[in-house]
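Asks:
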Amino acid sequence: MKRREFIEKTALSSALIGLGGISLPSFTTLEKKQITILHTNDVHSYIDPFPTNHPKNPNLGGVARRAAIIENIRKENQNVLLLDAGDIFQGTPYFNYYGGELEFKLMSMMKYDIATIGNHDFDNGIDGLFAQLPNASFEFVNANYDFKNTILNGIIKPYKIINKGGIKVGVFGLGIQLEGLVDKNNYKETIYNNPLEIAQDLSRILKEEKKCDLIICLSHLGYQYKNDEQKISDLKLASLTKNIDLIIGGHTHTFLDKPTVVKNSEGKDVIVNQVGCYGLNLGKIDFFFDNDKSKIAEGKSIVI
Amino acid sequence: MVKLKNYNVVLKQFVLILTFALLLSCGEKKYFVTKIEGKKISIENSVTESTEIENFVKPYRESIDKDLSQVLSFAPETLDKTGTWQTPIGNFLSDITLEKTQPIFEKRENKSIDICLLNHGGIRSIIPSGNVTSRTAYEIMPFENTTIVVGLKAEQIEEIVSYIISEKKPHPLSGMSFTIDKNNNPTSILVNNKPLEKNKIYYVVTSDYLVNGGDNMTFFQKGVEKYNLDYKLRNVLIDYFKTNKEIKANTNIRINKE
Numbered sequence: 001m002k003r004r005e006f007i008e009k010t011a012l013s014s015a016l017i018g019l020g021g022i023s024l025p026s027f028t029t030l031e032k033k034q035i036t037i038l039h040t041n042d043v044h045s046y047i048d049p050f051p052t053n054h055p056k057n058p059n060l061g062g063v064a065r066r067a068a069i070i071e072n073i074r075k076e077n078q079n080v081l082l083l084d085a086g087d088i089f090q091g092t093p094y095f096n097y098y099g100g101e102l103e104f105k106l107m108s109m110m111k112y113d114i115a116t117i118g119n120h121d122f123d124n125g126i127d128g129l130f131a132q133l134p135n136a137s138f139e140f141v142n143a144n145y146d147f148k149n150t151i152l153n154g155i156i157k158p159y160k161i162i163n164k165g166g167i168k169v170g171v172f173g174l175g176i177q178l179e180g181l182v183d184k185n186n187y188k189e190t191i192y193n194n195p196l197e198i199a200q201d202l203s204r205i206l207k208e209e210k211k212c213d214l215i216i217c218l219s220h221l222g223y224q225y226k227n228d229e230q231k232i233s234d235l236k237l238a239s240l241t242k243n244i245d246l247i248i249g250g251h252t253h254t255f256l257d258k259p260t261v262v263k264n265s266e267g268k269d270v271i272v273n274q275v276g277c278y279g280l281n282l283g284k285i286d287f288f289f290d291n292d293k294s295k296i297a298e299g300k301s302i303v304i
Numbered sequence: 001m002v003k004l005k006n007y008n009v010v011l012k013q014f015v016l017i018l019t020f021a022l023l024l025s026c027g028e029k030k031y032f033v034t035k036i037e038g039k040k041i042s043i044e045n046s047v048t049e050s051t052e053i054e055n056f057v058k059p060y061r062e063s064i065d066k067d068l069s070q071v072l073s074f075a076p077e078t079l080d081k082t083g084t085w086q087t088p089i090g091n092f093l094s095d096i097t098l099e100k101t102q103p104i105f106e107k108r109e110n111k112s113i114d115i116c117l118l119n120h121g122g123i124r125s126i127i128p129s130g131n132v133t134s135r136t137a138y139e140i141m142p143f144e145n146t147t148i149v150v151g152l153k154a155e156q157i158e159e160i161v162s163y164i165i166s167e168k169k170p171h172p173l174s175g176m177s178f179t180i181d182k183n184n185n186p187t188s189i190l191v192n193n194k195p196l197e198k199n200k201i202y203y204v205v206t207s208d209y210l211v212n213g214g215d216n217m218t219f220f221q222k223g224v225e226k227y228n229l230d231y232k233l234r235n236v237l238i239d240y241f242k243t244n245k246e247i248k249a250n251t252n253i254r255i256n257k258e
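The listed protein sequences correspond, in order, to chains A and B. The numbering of the first sequence is full-length UniProt numbering, which starts it at 1 and goes up by one. The numbering of the second sequence is full-length UniProt numbering, which starts it at 1 and goes up by one.
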């Protein structure tokens, strides 16, 4: 694999430097920490590798291989978060025959932490999704679908905060507009709310009220819509919000050579990533943390 | 001297608050990001599989395989999704859907279908050259979508044309053709090689997904008649594979761009 690298130095906000004014030297124990975010999107029930004679993806993908890679990464670093950005369902006979049971069971075996809901996850109706939830040991997050008049009321949470080795990670989910994309008979009374407004609000809550060290948006909005400037996408979301560190996307089946770095509304860097589809790739983003305030001025480097 | 007691309480509270604040600031260590590394890991065949996962999947796979692996037909050439206004697989799918649903509609309603319109995005895979099985049908059409015939007025047929021009997608189309001129306007709209007739009802076979507003094909909602054929698109494919020894796409042009 070609690994293009570039280093970007960013001056961190003066607000953090300001915190340095309260000196409590006796309490400072300097610590470095690492969180590894692993992610998939649009796996679409692709459990087996593609056949060897497939014209586009011969002998690529496969859950058993992905599981082995994840297992090896977990051996190296215990602070791993495994996430999926939706469209787990639909695409192979495994879904037609078993309705998503195997997909959820395998994701549970791989110890997925959180997933969000894609439009195809409604393909057996909202009841079909609900029926498979007992097979999932992981949780679903979505903040812009209002499920209050559906069977999923109270089950799908807007966000989840996970403490990984002392680092507080807030993960919230965003879903795409359902009208015109999903049969109304399938999504029923689910109400779609503006994802941008929700993201602006929620990222502030996670940062300021919940004091999260890292904020991740699991999005099924799509990477970019070149023909429709009005349509919300991950790139737009990144540039119009603040406090989000990482957007893990899906829906558009976008194969990126490397994660995209976008400036947010405050001019800070946001990482946007998506790894195509069908379980052909696993995304890996490592965040290195420090509590040594003297290093704040050095800024952060992004190596991609 | 009078309020000394109260003063002590305030002092005690102040010390408590201060201690608590100190404890709090020491308990909540502030971490910040110093470095971010990102990379894509390809899931390639060089990776040794997890045996636990493989053993878990095996019984599911075997049960499905038994059902799907039977060879039904043969494709001499790959039918793929390439093309600006029409694709080999789109032509194939719309042609066979019209062919397979026509006898059902004629028998039930004593009318005939004029047009088939499906959606490009609904074709989820290609037909690779070689043996064709019902697995191929599942991969192309994994959805449980069923075929519906909608009666549309000539006005809505024109809406179909403008929709396709504005969407710029090779939506599978059979039974009709048109030309897009240099100014991006439609000309010579033909159904069954005849120009549109103002008062005629045209019967269009499509999927329930599109009839219910999918892909914003809103013209279907203006339909004056609607017949659910209870015939899944996937089964159209499987039935066609079973009755045809060779799978080939018609290459005739349906949408011509000047």
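For every residue, glycine included, the Cβ atom is placed at its ideal position computed from N, Cα and C. Please read these numbers as outputs of a predicted model, since none were measured by experiment.
I need the boundaries of the alpha helix (DSSP H) containing residue 201 of chain A, first residue and last residue.
Replies: By 1-based counting over the first sequence, the position of residue 201 of chain A is 201. Its alpha helix (DSSP H) spans residues 195 to 204.
Asks: So, at 6 Å on beta carbons, what are the nonlocal neighbours of residue 152 of chain B in its own chain, with the 5 sequence-adjacent residues on each side left out?
Replies: In the second sequence, residue 152 of chain B corresponds to position 152, counting from 1. Result list for residue 152 of chain B: 202, 204, 223, in chain order.
Asks: For residue 249 of chain B, count neighbouring Cβ atoms within 10 angstroms of its own Cβ and tell me buried if that reaches 16, exposed if not.
Replies: Position 249 of the second sequence, counted from the start, is the residue given in the question as residue 249 of chain B. Label assigned to residue 249 of chain B: buried.
Asks: Excluding the 5 residues preceding and the 5 following residue 176 of chain B in the sequence, name in chain order all residues of the same chain whose CB lies nearer than 6 Å to its CB.
Replies: Your numbering for residue 176 of chain B matches position 176 in the second sequence. Same-chain partners within the cutoff: 115, 191.
Asks: Looking at chain E, which residues of the stretch 206 to 230 of chain B have a Cβ within less than 8 Å of any of its Cβ atoms?
Replies: Here the protein chains are A and B, and chain E is not one of them.
Asks: Go ahead and label residue 124 of chain A buried or exposed: buried means 16 or more other beta carbons lie within 10 angstroms of its beta carbon, across all protein chains shown.
Replies: Taking the first sequence and counting its residues from 1, the one referred to as residue 124 of chain A is at position 124. The residue in question, residue 124 of chain A, is buried, as its Cβ has 16 or more Cβ neighbours within 10 Å.
Asks: Thinking C-alpha only, which one of B/118, B/66, B/72 is nearest residue 93 of chain A?
Replies: The count along the first sequence starts at 1 and reaches residue 93 of chain A at position 93. The candidate whose alpha carbon is nearest that of residue 93 of chain A is B/66.
Asks: Look at the alpha carbon of residue 334 of chain A and the alpha carbon of residue 250 of chain A, and state the distance between them as a whole number of angstroms.
Replies: No answer is possible for residue 334 of chain A: it lies beyond the span of chain A, which begins at 1 and ends at 304.
Asks: Return the first residue and the last residue of the beta strand (DSSP E) that residue 176 of chain B is part of.
Replies: Walking along the second sequence from the start, residue 176 of chain B turns up at place 176. Where residue 176 of chain B is concerned, the enclosing beta strand (DSSP E) stretches over 176 to 180.
Asks: Between the beta-carbon of residue 180 of chain B and the beta-carbon of residue 255 of chain B, is there less than 8 Å?
Replies: For this step, residue 180 of chain B is matched to residue 180 along the second sequence. For this step, residue 255 of chain B is matched to residue 255 along the second sequence. Contact flag set, yes.
Asks: State the start and end residues of the unbroken beta strand (DSSP E) segment that holds residue 231 of chain B.
Replies: For the purposes of this step, residue 231 of chain B is taken as residue 231 along the second sequence, with counting starting at 1. That run of the beta strand (DSSP E) goes 225 to 232.
Asks: Within 10 angstroms of its Cβ, does residue 24 of chain A collect 16 or more other Cβ (buried), or is it exposed?
Replies: Taking the first sequence and counting its residues from 1, one reaches residue 24 of chain A at position 24. For residue 24 of chain A, the pLDDT reaches just 47, beneath the cut-off of 50, and the residue's location in the model is therefore unreliable, although a value from the coordinates is still provided. Exposed, since its Cβ has fewer than 16 Cβ neighbours within 10 Å.
Asks: According to the neighbour-count rule (16 or more other Cβ atoms, all chains shown, within 10 Å of its Cβ), is residue 165 of chain A buried or exposed?
Replies: Stepping through the first sequence from its first residue, residue 165 of chain A is reached at position 165. Its Cβ having fewer than 16 others within 10 Å, residue 165 of chain A is exposed.
Asks: Under 8 Å, with one C-beta from each stretch per pair, do the stretch 49 to 61 of chain B and the stretch 102 to 119 of chain A reach the 3-pair mark?
Replies: Taking 8 Å as the limit for Cβ pairs, the verdict is that the stretch 102 to 119 of chain A does touch the stretch 49 to 61 of chain B.
Asks: Quick check: the Cα distance between residue 96 of chain B and residue 239 of chain B, rounded to an integer number of angstroms?
Replies: As a position in the second sequence, residue 96 of chain B is number 96, starting the count at 1. As a position in the second sequence, residue 239 of chain B is number 239, starting the count at 1. Taking the straight line from one Cα to the other gives about 10 Å.
Asks: Please name the residue in A/114, A/129, A/158 whose C-alpha comes closest to that of residue 138 of chain A.
Replies: The residue labelled residue 138 of chain A in the question sits at position 138 within the first sequence. Of the candidates A/114, A/129, A/158, the one whose C-alpha sits nearest the C-alpha of residue 138 of chain A is A/114.
Asks: On a Cα-Cα basis, can you pick out the residue from A/89, A/172, A/151, A/242 that is closest to residue 41 of chain A?
Replies: As a first step, residue 41 of chain A must be located in the first sequence, where it is residue number 41. Closest option to residue 41 of chain A, Cα to Cα, is A/89.
Asks: Quick check: the stretch 284 to 299 of chain A against the stretch 223 to 233 of chain A, are at least 3 beta-carbon pairs closer than 8 Å?
Replies: No, because fewer than three Cβ pairs between the stretch 223 to 233 of chain A and the stretch 284 to 299 of chain A fall closer than 8 Å, the two stretches do not touch.
Asks: I need the straight-line Cα distance from residue 146 of chain A to residue 159 of chain A, nearest angstrom please.
Replies: Stepping through the first sequence from its first residue, residue 146 of chain A is reached at position 146. Stepping through the first sequence from its first residue, residue 159 of chain A is reached at position 159. Cα to Cα, residue 146 of chain A sits roughly 13 Å from residue 159 of chain A.
Asks: Counting only beta-carbon atoms, is residue 166 of chain B nearer than 8 Å to chain A?
Replies: As a first step, residue 166 of chain B must be located in the second sequence, where it is residue number 166. Judged by the 8 Å Cβ criterion, residue 166 of chain B is not in contact with chain A.
Asks: Establish whether the CB of residue 135 of chain B and some CB of chain A are separated by less than 8 Å.
Replies: Translated into the one-based positions of the second sequence, residue 135 of chain B becomes position 135. So yes, residue 135 of chain B belongs to the interface.
Asks: Could you tell me the boundaries of the beta strand (DSSP E) in which residue 34 of chain A lies?
Replies: Stepping through the first sequence from its first residue, residue 34 of chain A is reached at position 34. Where residue 34 of chain A is concerned, the enclosing beta strand (DSSP E) stretches over 32 to 40.
Asks: Residue 214 of chain B and residue 180 of chain A - do their beta-carbons sit closer together than 8 Å?
Replies: Counting from 1 along the first sequence, the entry for residue 180 of chain A is found at position 180. Counting from 1 along the second sequence, the entry for residue 214 of chain B is found at position 214. Contact: yes.
Asks: Which residues of the stretch 202 to 219 of chain A have a Cβ closer than 8 Å to any Cβ of chain B? Give them in chain order.
Replies: Hits within the stretch, in order: 211, 213, 214.
Asks: Give me the Cβ distance between residue 145 of chain B and residue 230 of chain B, rounded to the nearest whole Å; I'm assuming they're in contact under 8 Å.
Replies: The residue given as residue 145 of chain B occupies position 145 in the second sequence. The residue given as residue 230 of chain B occupies position 230 in the second sequence. In fact, because the Cβ distance is near 12 Å, the residues do not count as touching under 8 Å.
Asks: Here's the rule I'm using: 16 or more other beta-carbon atoms within 10 Å means buried, otherwise exposed. How should residue 50 of chain B be labelled?
Replies: The residue given as residue 50 of chain B occupies position 50 in the second sequence. When all chains shown are included, residue 50 of chain B counts as buried.
Asks: Tell me which residue opens and which closes the beta strand (DSSP E) that residue 73 of chain A is part of.
Replies: Taking the first sequence and counting its residues from 1, one reaches residue 73 of chain A at position 73. Looking at the DSSP string, residue 73 of chain A is not in any beta strand (DSSP E); the run it does join, the alpha helix (DSSP H), is 63 to 76.
Asks: Please report the straight-line C-alpha distance between residue 170 of chain A and residue 189 of chain A, rounded to a whole angstrom.
Replies: Start at 1 with the first residue of the first sequence, and residue 170 of chain A comes out as number 170. Start at 1 with the first residue of the first sequence, and residue 189 of chain A comes out as number 189. Whole-angstrom Cα-Cα distance: 28 Å.
Asks: Have a look at residue 244 of chain B and residue 44 of chain A and give me their C-alpha separation to the nearest angstrom.
Replies: Locating residue 244 of chain B in the second sequence gives position 244, counting from the first residue. Locating residue 44 of chain A in the first sequence gives position 44, counting from the first residue. Roughly 30 Å between the two C-alpha positions.
Asks: Straight-line CA distance for residue 100 of chain B to residue 130 of chain B?
Replies: In the second sequence, counting from the first residue as 1, residue 100 of chain B sits at position 100. In the second sequence, counting from the first residue as 1, residue 130 of chain B sits at position 130. Those two C-alpha atoms are separated by around 23 Å.
Asks: Quick one, are the C-beta atoms of residue 135 of chain A and residue 174 of chain A less than 8 Å apart?
Replies: Translated into the one-based positions of the first sequence, residue 135 of chain A becomes position 135. Translated into the one-based positions of the first sequence, residue 174 of chain A becomes position 174. Their beta carbons are not under 8 Å apart, which means residue 135 of chain A does not touch residue 174 of chain A by this criterion.
Asks: Leaving out five residues before and five after residue 127 of chain A in sequence, what residues of the same chain have Cβ atoms less than 7 Å from its Cβ?
Replies: Within the first sequence, residue 127 of chain A is the residue found at index 127, counting from 1. Excluding residues within five positions, the ones whose Cβ falls inside 7 Å are 151.
Asks: Can you check the stretch 84 to 160 of chain A for any beta strand (DSSP E) of at least 3 residues that lies completely inside it and give the ranges in chain order?
Replies: Counting whole runs of 3 or more residues, the stretch 84 to 160 of chain A contains no beta strand (DSSP E) stretch at all.
Asks: Do you know offhand how far residue 211 of chain A's Cα is from residue 272 of chain A's?
Replies: The residue you call residue 211 of chain A lines up with position 211 of the first sequence. The residue you call residue 272 of chain A lines up with position 272 of the first sequence. Going by the C-alpha atoms only, they are around 22 Å apart.
Asks: Quick check on residue 74 of chain A - is its C-beta less than 8 Å from some C-beta in chain B?
Replies: Position 74 of the first sequence, counted from the start, is the residue given in the question as residue 74 of chain A. So, not an interface residue.
Asks: Can you tell me where the alpha helix (DSSP H) with residue 134 of chain B in it begins and where it stops?
Replies: On the second sequence, residue 134 of chain B is found 134 positions in, with the first residue counted as 1. From DSSP, the alpha helix (DSSP H) with residue 134 of chain B extends over 134 to 140.
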